[in-house]
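Asker:
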Amino acid sequence: MTHQDVAAALRRRLADVQADIARLETATTQPLSPKFADQSGDLEALATNEGREVQQIHEADQIVAALARIEAGHYGVCDMCGAEIAPARLAALPTATRCIACAA
Numbered sequence: 634m635t636h637q638d639v640a641a642a643l644r645r646r647l648a649d650v651q652a653d654i655a656r657l658e659t660a661t662t663q664p665l666s667p668k669f670a671d672q673s674g675d676l677e678a679l680a681t682n683e684g685r686e687v688q689q690i691h692e693a694d695q696i697v698a699a700l701a702r703i704e705a706g707h708y709g710v711c712d713m714c715g716a717e718i719a720p721a722r723l724a725a726l727p728t729a730t731r732c733i734a735c736a737a
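Quick note: the sequence shown uses our numbering, first residue 634, plus one each step.
Okay, here's the thing in structure tokens:
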């Protein structure tokens, strides 16, 4: 897979993640149910959605950083030691910034 293929896949994933962030953001701004008995469920859903939104924002940040590394010509180079990140690792985790040895 070429870096352009990886970038295209990352852009598609970024669009999905951003759409999910927008959906979760909308869900977390909904008012609580007027029924007191339903509010505990509302609060549980709110906490879950907020946690998922934080995870999605983190993933979006990682994708943007990976796209920047592709454009700068540094994609696939370990941030710690400067060695090449194994293609199998990048296939499994396209946003990886460290080789296996440095990630451990």
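Beta carbons are placed, not taken as given, at the ideal position from N, Cα and C, and that holds for glycine.
How about the region 662 to 674 and the region 698 to 718: do they share at least three Cβ pairs that are nearer than 8 Å?
Answerer: Judged by Cβ distances under 8 Å, the region 662 to 674 makes no contact with the region 698 to 718, as fewer than three pairs qualify.
Asker: Residue 714: buried (16+ other C-beta within 10 angstroms of its C-beta) or exposed?
Answerer: exposed
Asker: Could you name the residues of the same chain whose beta carbon sits closer than 7 Å to that of residue 686, not counting the 5 residues immediately before and after it, in chain order?
Answerer: These residues qualify, in order along the chain: 654, 657, 658 and 661.
Asker: Taking just the CA atoms, how far does residue 726 sit from residue 737?
Answerer: Put simply, the backbone Cα of residue 737 is about 15 Å away from that of residue 726.
Asker: Based on DSSP bridge pairs, tell me the residues matched to residue 710.
Answerer: 717
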